[in-house]
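Engineer: Dropping the structure in here first, questions after.
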Amino acid sequence: MEVRQGPATPKIHLLSSVKKAKQATDALLLSHRIVSACCKSGHNGMIAVVAIGTLEGSVYVFDVKGDRGVLFDGGVSRILQSLDVLKIMHGSSRAAAVLRHQHGVSIRNVFDTQVAYSVILQSEGLPERAVQLSALCDKTSTSPDFVHSAAFKKLLREDADVWMRRPITEDMLKALAGDVTPLFPHLYSRLLQAIRPEHKTWLDRMTKEELTSGVRPEAVRSARVRRARQEQKEAARQSPVLRLSSRQRLLLADTLPLCRLGYSQ
17 MEVRQGPATP KIHLLSSVKK AKQATDALLL SHRIVSACCK SGHNGMIAVV
67 AIGTLEGSVY VFDVKGDRGV LFDGGVSRIL QSLDVLKIMH GSSRAAAVLR
117 HQHGVSIRNV FDTQVAYSVI LQSEGLPERA VQLSALCDKT STSPDFVHSA
167 AFKKLLREDA DVWMRRPITE DMLKALAGDV TPLFPHLYSR LLQAIRPEHK
217 TWLDRMTKEE LTSGVRPEAV RSARVRRARQ EQKEAARQSP VLRLSSRQRL
267 LLADTLPLCR LGYSQ
């Protein structure tokens with residue numbers, strides 16, 4: 017199945033069989049070193065679908081619920097675990113936790129745009145914050161190729177098992193494309209340019225923390241609390257009254273404290 021599209025919109029491929037999934041993943045592993053990715057699951061914690069986006073604008077949607085063999089025999093797990101393919105994701109902790117607990121799959125080699133934005137905030141003397149993908153796109157002037165329809169947004173609010181529904185609808189495919197196409201190259205390149213070279217090691221550390229926050233939530237939560245307290249003490253020592261600059265106010269707009277989210281969706 018392919019979504020109807022205009023001349024400038026990405027081509028979306030729905031892959032529901034092991035054979036077609038393997039053909040796609042073999043080609044992706046052979047020809048791509050960076051892809052965008054997102055995983056969707058139901059309230060029961062089972063992966064329903066994995067979407068992979070490419071630099072050329074193609075989106076590959078793997079129906080894991082329709083055929084569980086797609087994840088392993090179809091090669092999707094090879095991409096997620098590959099150290100040779102960088103995955104650009106937004107809020108990778110939930111997907112990492114579900115894949116690890118339910119399927120024994122560990123996502124590796126990730127650039128998380130949520131984490132990257134937190135590192136930028138910290139480099140400006142601000143606390144870690146959570147930001148939704150749509151808000152991050154607005155902040156970086158990144159226009160998604162697809163936006164959720166009002167009807168689909170309503171469905172997402174009302175049904176926690178939207179991604180478990182079958183057949184996969186055109187609205188679902190467009191929503192998945194809207195979640196991966198902004199990540200690469202646009203968000204990836206803009207955030208990477210905004211991170212100072214001396215903060216790259218910190219980015220790596222924070223990314224590893226994000227990937228384990230759903231696997232070992234208590235340990236990561238404790239580390240974040242300790243870090244927040246230390247940052248508060250340091251801020252109070254250096255400047256008892258914090259006055260935010262215009263740039264700092266813009267960076268903090270439309271963000272949430274990390275504790276409000278539990279771990280990223």
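Residues in the sequence shown are numbered consecutively from 17, following my numbering. Just so you know, even glycine gets a beta-carbon here, dropped at the ideal spot from N, CA and C. Quantities reported herein were computed from a predicted structural model and do not represent experimental measurements.
Considering just the uninterrupted stretch of the alpha helix (DSSP H) at residue 110, what are its terminal residues?
Structural biologist: Walking along the sequence shown from the start, residue 110 turns up at place 94. 109-114 is the extent of the alpha helix (DSSP H) around residue 110.
Engineer: Could you tell me the distance, in whole angstroms, from the CA atom of residue 79 to the CA atom of residue 196?
Structural biologist: Taking the sequence shown and counting its residues from 1, one reaches residue 79 at position 63. Taking the sequence shown and counting its residues from 1, one reaches residue 196 at position 180. In a straight line, the C-alpha of residue 79 is about 16 Å away from that of residue 196.
Engineer: In whole angstroms, give me the CA-to-CA distance for residue 105 and residue 123.
Structural biologist: The sequence position of residue 105 within the sequence shown is 89, counting from 1. The sequence position of residue 123 within the sequence shown is 107, counting from 1. Their backbone Cα atoms lie some 11 Å apart in a straight line.
Engineer: Tell me which same chain residues have a C-beta within less than 6 Å of the C-beta of residue 131, skipping the five on either side of it?
Structural biologist: Within the sequence shown, the letter at position 115 stands for residue 131. Excluding positions up to five away in sequence, the list reads 222, 223, 226.
Engineer: Do you know how far the Cα of residue 93 is from the Cα of residue 116?
Structural biologist: What you label residue 116 is simply residue 100 of the sequence shown in a count that begins at 1. What you label residue 93 is simply residue 77 of the sequence shown in a count that begins at 1. Taking the straight line from one Cα to the other gives about 11 Å.
Engineer: Report the three-state DSSP secondary structure of residue 271 (helix, strand or coil).
Structural biologist: Within the sequence shown, the letter at position 255 stands for residue 271. In this structure, residue 271 counts as strand in the three-state DSSP scheme.
Engineer: Counting C-beta neighbours from all protein chains within 10 Å, is the total for residue 72 16 or more, i.e. buried, or is it exposed?
Structural biologist: The count along the sequence shown starts at 1 and reaches residue 72 at position 56. Exposed, by the Cβ-count rule.
Engineer: So, does the region 174-194 touch the region 50-65, judging by three or more C-beta pairs under 8 Å?
Structural biologist: Flag = yes, the region 174-194 and the region 50-65 touch.
Engineer: Kindly list the residues whose CB is nearer than 6 Å to the CB of residue 164, restricted to its own chain and excluding five residues on each side of it in sequence; keep chain order.
Structural biologist: Sequence index remark: in the sequence shown, residue 164 carries index 148 (1-based). Here the set comprises 191.
Engineer: Specify the secondary structure class of residue 168 as computed by DSSP and reduced to three states.
Structural biologist: For this step, residue 168 is matched to residue 152 along the sequence shown. Of the three classes helix, strand and coil, the one that applies to residue 168 here is helix, per DSSP.
Engineer: Once the 5 residues before and after residue 128 are set aside, which same chain residues still bring their CB inside 6 Å of it?
Structural biologist: What you label residue 128 is simply residue 112 of the sequence shown in a count that begins at 1. Only 105, 108, 223, 226 meet the Cβ criterion.
Engineer: When you compare only the Cα positions, how much space is there between residue 257 and residue 33?
Structural biologist: Along the sequence shown, read from residue 1 onward, the residue named residue 257 stands at position 241. Along the sequence shown, read from residue 1 onward, the residue named residue 33 stands at position 17. Per-residue confidence for residue 257 stands at a pLDDT of 48, beneath the threshold of 50, marking its modelled position as unreliable; the derived number appears in the next sentence. Approximately 60 Å between the Cα atoms of the pair.
Engineer: How many angstroms separate the CA atom of residue 98 from the CA atom of residue 110?
Structural biologist: The residue given as residue 98 occupies position 82 in the sequence shown. The residue given as residue 110 occupies position 94 in the sequence shown. About 19 Å.
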